[in-house]
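For the sequence shown, position 270 matches number 270 in the UniProt record's numbering, and the numbering has no gaps at all.
A short worksheet on the structure shown next.
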Amino acid sequence: MLNSLLQGIEQRLAKKPFTWMSWWRGKKWISVFLISPTLSEKYPLWKRDEASLSSLRLFDLEPQALHTELQRYWKRPFWQRWWLSLFTSINNKRKAYAYYQRCLAFAEVQKKHGYTGSIVKSSGQERAIFLELVTWFNQDVKQCEKILEQHAGDLNWLQSRFTLILSQYKQKTEQRLLKCMEKKLRKVPTMRSQNRIRNRIKKGSQELGKLMRDYLLLGSFPPDQVSAHNEGATASSVAYEATEDSIVSDSQELVYVGPAVATRNTLRMYSTKKAHLGDMDSVGDWVRLQRQTIDSLLAAKTPEAYAEIKTLLEQSLSSIEGLIKPQIDCYQQLLNNAKQGISDYEVAIEYSEFLQCRLIKFFQGKPLRLLFHPDKSGGNKALSQIKTELFKEFKRLSDTSLEAISRGLRTLKKCIPKWRLEHQAMEDKMQRDREAFRVYFKKAMKESEESTARLNAELAEMGKQIECLNNLVQKNITGHHSSEETRPQDQERPGSSTRSFARR
Numbered sequence: 001m002l003n004s005l006l007q008g009i010e011q012r013l014a015k016k017p018f019t020w021m022s023w024w025r026g027k028k029w030i031s032v033f034l035i036s037p038t039l040s041e042k043y044p045l046w047k048r049d050e051a052s053l054s055s056l057r058l059f060d061l062e063p064q065a066l067h068t069e070l071q072r073y074w075k076r077p078f079w080q081r082w083w084l085s086l087f088t089s090i091n092n093k094r095k096a097y098a099y100y101q102r103c104l105a106f107a108e109v110q111k112k113h114g115y116t117g118s119i120v121k122s123s124g125q126e127r128a129i130f131l132e133l134v135t136w137f138n139q140d141v142k143q144c145e146k147i148l149e150q151h152a153g154d155l156n157w158l159q160s161r162f163t164l165i166l167s168q169y170k171q172k173t174e175q176r177l178l179k180c181m182e183k184k185l186r187k188v189p190t191m192r193s194q195n196r197i198r199n200r201i202k203k204g205s206q207e208l209g210k211l212m213r214d215y216l217l218l219g220s221f222p223p224d225q226v227s228a229h230n231e232g233a234t235a236s237s238v239a240y241e242a243t244e245d246s247i248v249s250d251s252q253e254l255v256y257v258g259p260a261v262a263t264r265n266t267l268r269m270y271s272t273k274k275a276h277l278g279d280m281d282s283v284g285d286w287v288r289l290q291r292q293t294i295d296s297l298l299a300a301k302t303p304e305a306y307a308e309i310k311t312l313l314e315q316s317l318s319s320i321e322g323l324i325k326p327q328i329d330c331y332q333q334l335l336n337n338a339k340q341g342i343s344d345y346e347v348a349i350e351y352s353e354f355l356q357c358r359l360i361k362f363f364q365g366k367p368l369r370l371l372f373h374p375d376k377s378g379g380n381k382a383l384s385q386i387k388t389e390l391f392k393e394f395k396r397l398s399d400t401s402l403e404a405i406s407r408g409l410r411t412l413k414k415c416i417p418k419w420r421l422e423h424q425a426m427e428d429k430m431q432r433d434r435e436a437f438r439v440y441f442k443k444a445m446k447e448s449e450e451s452t453a454r455l456n457a458e459l460a461e462m463g464k465q466i467e468c469l470n471n472l473v474q475k476n477i478t479g480h481h482s483s484e485e486t487r488p489q490d491q492e493r494p495g496s497s498t499r500s501f502a503r504r
């Protein structure tokens, strides 16, 4: 799997200089990479020695000089950055510097991870999962490369946001992997084989995740900062691997025959393996599994059923707390960085609002209410009593977490400069005025259309009346002409003969 991901990254990096930078001007990226000897797909940037790299120029600048220029760019106000992006080549400079960083990172990743042999003796289901897994990681790497191009040189943003983005991609991939494994491994006949394949796949996923993280962090941070950002990920990976080892060792001792009956052993296996909530997005599936186990325990009607249900719900609550607490701690660190001026307060406010919405949806959503709320006990008084006790702890965790975010958000908004508040107030007023004008204009247009419709109706009615009058006039004229034509031609008017005689 590592080979496939490394080869995909290598091919993409090798072809990048020979793609169009500006096709309407007939320029490719290789025109801004000046190095001796010239770049080629067979002799790319990451295969060069120090002497060759020392001759590299990006837009006629040394890489360090270009990095300094990008840092100055990110310190400018937004309107200046917007103007520069329109009338200068700063966007292409960001992309070129990001590509240079990725090439250096790929050289280090190759040394660290290297190329390993392919997996042997793997089943069809296992190969299919591996192929999908590599495809997902390759897509994630491409997306993160684009993000790095947009923010190249912006160390404040990279420090405060990029590691969070990597964590989100990791959680998303783990969720997709879990669904894919459960679907594919149904075709594997024995539980032992399923556990063996599942363990290999998760180990491969961890290796791919570490490769992806090393490659992207080396391509965005200086070496000393990369090690600091990797410490947390390494610790969590070690803990995750230890948990997986315990899962495999426990499950290999179990032999399942017959219908599904909840026992103390199956509950122990379930609570070790399934009670862990991986991320907030998978809470629906997780709660469904929890409730299925509770229903199985109730159906078994064993003396210790309610004690086991209470244990399961306590473990579930502990899993929720273990998921939320690191995010609150990370948020507190971001809050402290923003107060000290290390991180941008606007980024911190944006992330605060994002996290607040996610936590509200998580805690107040339907899935967790079904699991902990006493009213969702199906009329079972003993179960309702257990849930009543635990719901207080759940509510306390919810209120504490949301209050921490709200308090931090209020603190961050106090960091906003007075001129920015005034500017924001002006923008809000302009927005309200635009909305009011839009409503007024819409109402005026509606009234105008109604008035036009009434006028057209009146004109149409007048047209009909005029047409009727024209028909009557035409009819009268036609009748008058016909009466004159029927009068005798030799009939003379009275007095006509006398006048004729007198004239003679």
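Heads up, the beta-carbon is just placed ideally off N, CA and C, and yes, glycines get one too.
From a predicted model like this one, the values you see are computed outputs, not experimental measurements.
{"query": "How many whole angstroms separate the CB atoms of residue 511 and LEU218, which I take to be in contact at a CB cut-off of 8 Å?", "result": "Examination of residue 511 is not possible in this model, given that the chain is present from 1 through 504 alone."}
{"query": "Could you check whether GLN175 and LEU185 sit closer than 8 Å to each other, using their CB atoms as the reference points?", "result": "no"}
{"query": "Indicate whether LYS361 and PHE372 have their beta-carbon atoms separated by less than 8 Å.", "result": "no"}
{"query": "Under three-state DSSP, which class holds SER22?", "result": "strand"}
{"query": "Note down the Cα distance separating ALA444 from GLU350, rounded to an integer number of angstroms.", "result": "38 Å"}
{"query": "Taking HIS151 as the reference, which of GLU314, PHE441, TRP74, SER352 has the closest Cα?", "result": "TRP74"}
{"query": "Classify LYS414 as helix, strand or coil using the three-state DSSP reduction.", "result": "helix"}
{"query": "Is the beta carbon of ILE294 less than 8 Å from the beta carbon of LEU312?", "result": "yes"}
{"query": "I need the boundaries of the alpha helix (DSSP H) containing VAL109, first residue and last residue.", "result": "90-113"}
{"query": "Hey, how far is the Cα of ARG288 from the Cα of LYS301?", "result": "20 Å"}
{"query": "Is the region 84-104 touching the region 30-49 in the sense that three or more CB pairs, one from each, lie closer than 8 Å?", "result": "yes"}
{"query": "Taking TRP83 as part of the alpha helix (DSSP H), name the residues at either end of that continuous run.", "result": "78-87"}
{"query": "So ILE129 and ILE147 are in contact, right, with Cβ under 8 Å, and what is the actual spacing, rounded?", "result": "About 27 Å separates the two Cβ atoms, so there is no contact after all."}
{"query": "Could you check if LEU211 is buried or exposed, using at least 16 other CB atoms within 10 Å of its CB as the buried criterion?", "result": "buried"}
{"query": "Take THR400 as the anchor and find which of SER451, ARG432, GLU321 has the nearest alpha-carbon.", "result": "GLU321"}
{"query": "Using the Cβ count rule (16 or more neighbours within 10 Å means buried), how would you classify ILE477?", "result": "exposed"}
{"query": "Kindly indicate which three-state DSSP category LEU58 falls into: helix, strand or coil?", "result": "strand"}
{"query": "Return yes when the Cβ of CYS180 is within less than 8 Å of the Cβ of GLU132, no when it is not.", "result": "yes"}
{"query": "Which value, in whole angstroms, describes the spacing of the CA atoms of LYS202 and LEU359?", "result": "28 Å"}
{"query": "Please tell me whether GLU149 and ARG94 are closer than 8 Å, where the distance is taken between their beta carbons.", "result": "yes"}
{"query": "Quick one: give me the first and last residue of the alpha helix (DSSP H) that VAL283 is part of.", "result": "283-300"}
{"query": "For my contact list, SER352 and LEU412 are in at a C-beta cut-off of 8 Å; report their separation, rounded to the angstrom.", "result": "6 Å"}
{"query": "To the nearest angstrom, how far is it from the Cα of ASN3 to the Cα of GLY204?", "result": "12 Å"}
{"query": "So which of SER31, ILE309, GLN327, ASP281 has the shortest CA-CA distance to GLY365?", "result": "ASP281"}
{"query": "Which residue wins for smallest C-alpha separation from GLY379, given the options TRP82, HIS423, LEU298, GLU427?", "result": "LEU298"}
{"query": "Could you give the C-beta distance for ILE405 and GLN356, rounded to a whole number, given that I count them as a contact under 8 Å?", "result": "5 Å"}
{"query": "Counting only the same chain and skipping the five closest in sequence on each side, list residues whose C-beta sits under 6 Å from that of LEU34.", "result": "ARG57"}
{"query": "GLU207 to ARG438, Cα distance in whole Å?", "result": "55 Å"}
{"query": "Could you have a look at LEU34 and say whether DSSP puts it in helix, strand or coil?", "result": "strand"}
{"query": "On the CB-based measure, 16 or more other CB atoms within 10 Å of its CB, does PHE394 come out buried or exposed?", "result": "buried"}
{"query": "Roughly how many whole angstroms lie between the Cα atoms of ASP428 and GLU389?", "result": "46 Å"}
{"query": "For ALA96 versus PHE137, is the C-beta distance shorter than 8 Å?", "result": "no"}
{"query": "Based on Cα-Cα distance, which residue from HIS423, LEU216, SER319, LYS27 lies nearest to LEU158?", "result": "LEU216"}
{"query": "Closer than 6 Å by C-beta to TYR270: which residues in its own chain qualify, once you throw out the five before and the five after it? Chain order, please.", "result": "The predicted model places TYR270 with a pLDDT of 39, which falls under 50 and marks its position as unreliable, so this point remains unresolved."}
{"query": "May I ask you to list the residues that DSSP assigns as paired with LYS28?", "result": "TRP20"}
{"query": "From ILE309 to ALA14, what does the alpha carbon distance come to, in whole angstroms?", "result": "57 Å"}
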